[in-house]
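Residue numbers (our numbering), protein chains in the order written: chain C, 1 to 724; chain G, 1001 to 1137; chain U, 2001 to 2102. Report on the structure given below.
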Amino acid sequence: MAQLGGACLMLALGVCIYGIGASIYGVRTGQTQWSESGRRSVYALAGTLTVAFAVLELAFLRNDFSFNTVADTSSATTPTFYKAAAVWSSQEGSLLLWAWLLSMWSTLVLFLTRKRMRDVSAYATAILLGFGGFFISLMVFYANPFETTDPAPAEGVGLDPLLRHPSMMIHPPMLYSGYTLCIVPLAFGMGALLARKVDAEWIKATRRFAMAAWLFLGVGIMLGARWSYAELGWGGYWGWDAVENASLMPWLCATAFIHSLMIQEKRGMLKVWNVSLVLATGTLAIMGTFLVRSGILNSIHAFGGQTLGVPFVILIGVLILSSIYLVSSRRDMLRSEHRLDSLLSRESIFLANNIVLVGLCFVIFWGTYFPLISEALTGHEASVGPPWFDRYTVPLALILVLLSGIGPVIAWRRATLANARRNFVTPLSCALLTLAVLLATGVADSKPFALAMFCCAAFVFGSVGQEYWRGVRVRRASAGEPAPLALLALVKRNRRRYGGYVVHIGIAVLFVGVAASSSFQHASELSLSPGQSTKVGAYTVRYERPTASITPKYDPVHTGSTLSLGAVLDVTKQGKHVTTLTPAEDFYDSGEPAQGSVAHLIGGQPVSQVSMDGGVKRDIWSAIAPDIDTPRLKRIIEIGNKTIPLVRPDEGMIAVAVMAREYMRSPPPAEFHLIVSPLVMWIWIGGAIVAGGALIALWPAPSVVRARVSVRARSRAARRLARA
Amino acid sequence: MNPARKRRVRLVVALSAAVILASALIYTSFSAASPTVTPSQLVHEAVAGRSYQLTGTVKAGSVRHEGDTLYFSVQDRAGETSVPLSYTGTVPDPFREGREIIVTVEKQGDRYVGERNSLITKCPSKYKVAPPKTKTY
Amino acid sequence: MSAFAALLTLMLLAAVMAAVSRPLLVARRPEESGGSERSELEAEREAKYREIRDAELDYRTGKLSREDYENVNGELRAEAVEILNRLEPVSKEEEASAEAAK
């Protein structure tokens, strides 16, 4: 079947090249049947890549180790769920996932716009196919997922245990969907510039895709943060790692242009700015992919020693240069149709928000690529740490949250000053009340930034709450509906506006969680013996007893570890039992017989099993690193290595069981990592609110669909009339 | 002042604010950055009181725990020079002898001390991959 | 290459060829919706309508005084009428040409 996969890739590459030629020829000569044919080659590309992806997925599910990627990242003992997700754990597989998702999203957007914007979408088709072709040629020439070895190895290496988490199934596809969706507005933006049609229409056509990109990228980032927090023995959700930053940058840029697009849609202003933002977002998405795929920066996500750096650098260079050329050569067309009416208008608040977002993006860009920049400038590679990022991002985030509260109460075009003043009363009193309460109770005395963030969030709650309240009141007065119905009708009739407000609430909630959990966290790393206890914040944690279990390797629901050593922790507050935590560390078969017949069974990478008690007020989080290097345990391994032959892993497991019993009998002190942090759960709740709000804003309004249908019906009726 | 002039003044003010902020950013990034060094570079160049990002592999047989402190040596990829250091804080799951790590260190007297919670482990090369979070910062 | 894989590849190739070449082989159907100028204007009209609705909502939720609302609303409606005026000849012309094509 590998040949079929390989043939699919070649076919896909051919389709891309043909499609680019056909669309450009079609739009240049005005022969629409050629651009139509080009558009259909995107559909064909999606079909071909779907077959290729299915071939690879099947190879994983059928344990076909003749495929090199299957042998490298899966094994017969890897649980089925993780076999399915292992496809995108390899370089080759993730490139295929990227290309496949791009082709699917491109198909969707081109199908939806098939009746409109002939010229723009023909260029966009060519550009989308260009990206598709790029990724397919990477696979064909550098990292082919369909490379095989003959004879096939009997068993594969297995999926990296660190990746054996349910998020593996959903986090990468979400993130990649976000990245690929960022390419759609880029393609249409470039298409609009090439076709010299830079008005409201391409924006109208791609706005929903820009928002979908924003939503998917955001969900991907949140899932990544959650994964890191709940699964890795680290206890944080964000560390300013290069790859995290790489996904945040296009998201920030997309946030900026989702706002400023509205100004162009309404006023015909900021055309240069918008098209630059759209191009920057797409370029940053490609750079994000490049960062993960090339291993150019030190990140634990990065692939070391890969060969994809050069083609990506070329692609990024081409993108940047052609963007600059297109924008500057079309700048006459991109003149604003209007001027800003007043500084007190929603337009100017949006402008401020854009500046802050782009500033934030620049800070993160500089910090992330600093190792490269400093090497280029000074000859020494150097890097900046999280404190440097915090210094700039914290104040900018504060301003951003505050602006998200100010925006909703200011009218478009020009707000009436007296009314604006009146509208600030409620949000300001919310903020001041919060400030007074926090100062009186003294909880946030030493943390000015957290204090400021709580007040800004209260301001947002006040202003958005007031907006909803007034909207409902207007609706009730005009339609006489009861409040809940009025609320529903209000949101339904103004999805973009009220969905957007929900997003603002979610962002404020999220930042409250971030500020509280990062400022008021109690953490402790220490070594405890059974019976000992320690204090973390207001809680007392006692190491009750050790736990040890050996796991049957073929247990389908388990992640596939061989040995798991852990602890039972009793958490009390002022003598009262709060919760019981059971952190553990899983040990895996390394698959390297050289380590010894017993040692290799537990010689793989150990993975923490975090145990936590989450709550709306605080999370109590724990991880353990048990000591398996004690002389007695080592002795058991040594004897086992000598006496048990490699071909008898079942006997080896008996030795592991003996180790587990020995560990239980005389448990050595274990290293614990304990964290009590307040309000962490609100980060996830805030993220869910943001996603919900975005869905409200994104959902196609039924009235628009109906209007389009009725227009068509009307024209058909008119034609019939004319014929009669 | 006529509107065109007013706009130009506004633009100049905004641009100069942006330039000032950007230069502050750039200046602090250079002063706050810690150079990335290998163990042999660290031995030759290190200045006491400055922090460095040390990359290398964990020397076999050098890891020992003492209370909350972890002692280990980092060696060059080629393995000629190694630097012993003490470290407290989170130890990532994949930390092992022979693994490639990144840690922020400071020279204190003639000893090297790892900054708390700064230890990062690069993913083992056997798994060619580590896309999503394997962060242990 | 196994016969099965070769067969599947050929089938896929045929399907792709058929899909891609269809518009070139089949006679062109009459265009359903108008050209770019018309849809451009229609997009502008939709945006303007939305802006009018937004201004009304801003007024009714107390962000604009009556006087300011009347000013803004007047401007917006004038702009909308202008777009409609530009749209009318374009769509008439296109409808006529669509009829002629039949």
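Backbone N, C-alpha and C fix where the C-beta goes; we use that ideal spot for every residue, glycine too.
According to the neighbour-count rule (16 or more other Cβ atoms, all chains shown, within 10 Å of its Cβ), is residue i buried or exposed?
| i | result |
| --- | --- |
| R470(C) | buried |
| A302(C) | Confidence at A302(C) is low in this model, with a pLDDT of 47, below 50, so the placement of that residue should be treated as unreliable; the coordinate-derived value is given next. Buried, by the Cβ-count rule. |
| M2011(U) | exposed |
| D160(C) | buried |
| S328(C) | exposed |
| M169(C) | exposed |
| T29(C) | exposed |
| A411(C) | buried |
| Q1108(G) | exposed |
| R164(C) | buried |
| Y663(C) | buried |
| D589(C) | buried |
| L270(C) | buried |
| L223(C) | buried |
| I314(C) | exposed |
| Q574(C) | exposed |
| F141(C) | exposed |
Could you pull out every residue in the same chain whose Cβ sits closer than 7 Å to the Cβ of residue i, ignoring the five residues on either side in sequence?
| i | result |
| --- | --- |
| S348(C) | L340 |
| V502(C) | I689, G692, G693, I696 |
| E2051(U) | L2076 |
| P311(C) | L138 |
| F362(C) | none |
| W699(C) | R495 |
| A59(C) | M1, F67, V70 |
Can you give me the Cβ contacts of residue i inside the same chain, cut-off strictly under 6 Å, excluding the 5 residues immediately before and after it?
| i | result |
| --- | --- |
| R545(C) | P530, V568 |
| D64(C) | V70 |
| A450(C) | A444, A515, S519 |
| G282(C) | C182, I183, L186 |
| P667(C) | P530, P546 |
| S549(C) | S564 |
Can you tell me which of the three DSSP states residue i falls into?
| i | result |
| --- | --- |
| D570(C) | strand |
| S808(C) | This structure leaves residue 808(C) out entirely; chain C is present only between 1 and 724. |
| F528(C) | It is worth fixing the name first, because residue 528(C) is Leu in this sequence and not Phe. DSSP places L528(C) in strand when its eight states are reduced to three. |
| R1064(G) | strand |
| F1030(G) | helix |
| T580(C) | strand |
| Q595(C) | helix |
| P79(C) | coil |
| H165(C) | coil |
| Q521(C) | coil |
| L2007(U) | helix |
| V2016(U) | helix |
| I320(C) | helix |
Just list the residues that DSSP pairs residue i with in beta bridges.
| i | result |
| --- | --- |
| M612(C) | W621(C) |
| Y543(C) | L569(C) |
| K535(C) | T540(C) |
| S1073(G) | P1084(G) |
| L1054(G) | V1037(G), V1103(G) |
| D332(C) | Paired residues: none, contrary to the question. |
| A548(C) | L565(C) |
| T1121(G) | I1101(G) |
| Q1108(G) | R1111(G) |
Closer than 8 Å by C-beta to residue i: which residues in its own chain qualify, once you throw out the five before and the five after it? Chain order, please.
| i | result |
| --- | --- |
| G156(C) | N63, F65, V70, A71, D72, T73, S74, S75, A76, T78 |
| R725(C) | The requested residue 725(C) is not part of the displayed model; chain C covers only 1 to 724. |
| A2003(U) | none |
- Task: With 8 Å as the C-beta to C-beta threshold (strictly closer), list the residues of the stretch 24-50 of chain C near chain U in chain order.
- Result: T32, Q33, W34, E36, S37, R40, S41, Y43, A44, G47, T48
- Item | Members of the stretch 406-430 of chain C that neighbour chain U once the beta carbon cut-off is set at 8 Å | V409, I410, A411, W412, R413, R414, A415, T416, A418, N419, A420, R422, N423
- Message: Any C-beta of chain G within less than 9 Å: which residues of the stretch 365-389 of chain C qualify?
- Response: W366, G367, F370, P371, I373, S374, E375, L377, T378, H380, E381, A382, S383, V384, G385, P386, P387, W388
- Query: Between the stretch 453-475 of chain C and chain U, which residues of the former have a C-beta closer than 7 Å to a C-beta of the latter?
  - Reply: E467, R470, G471, V474
- Task: Please list the residues of the stretch 241-270 of chain C that have a C-beta atom closer than 7 Å to any C-beta atom in chain U, keeping them in chain order.
- Result: Listed in sequence order: E265, K266.
- According to a CB-to-CB cut-off of less than 9 Å, which residues of the stretch 2045-2064 of chain U neighbour chain C? If the cut-off is 9 Å between Cβ atoms, the stretch 2045-2064 of chain U has E2046, A2047, K2048, R2050, E2051, R2053, D2054, A2055, L2057, D2058, Y2059, R2060, T2061, G2062, K2063, L2064 near chain C.
- Return the residues of the stretch 192-221 of chain C that lie within a Cβ-Cβ distance of less than 7 Å from chain U, sorted by chain order. K197, D199, A200, E201, K204
- Query: Name the residues in the stretch 1037-1069 of chain G whose C-beta lies less than 8 Å from a C-beta of chain C; which are they?
  - Reply: Correct list: Q1053, T1055, H1065, G1067, D1068.
- Name, going along the chain, the residues of the stretch 1073-1097 of chain G whose beta-carbon falls closer than 8 Å to a beta-carbon of chain C. Per Cβ criterion, the list reads T1088, G1089, T1090, V1091, P1092, D1093, P1094, R1096.
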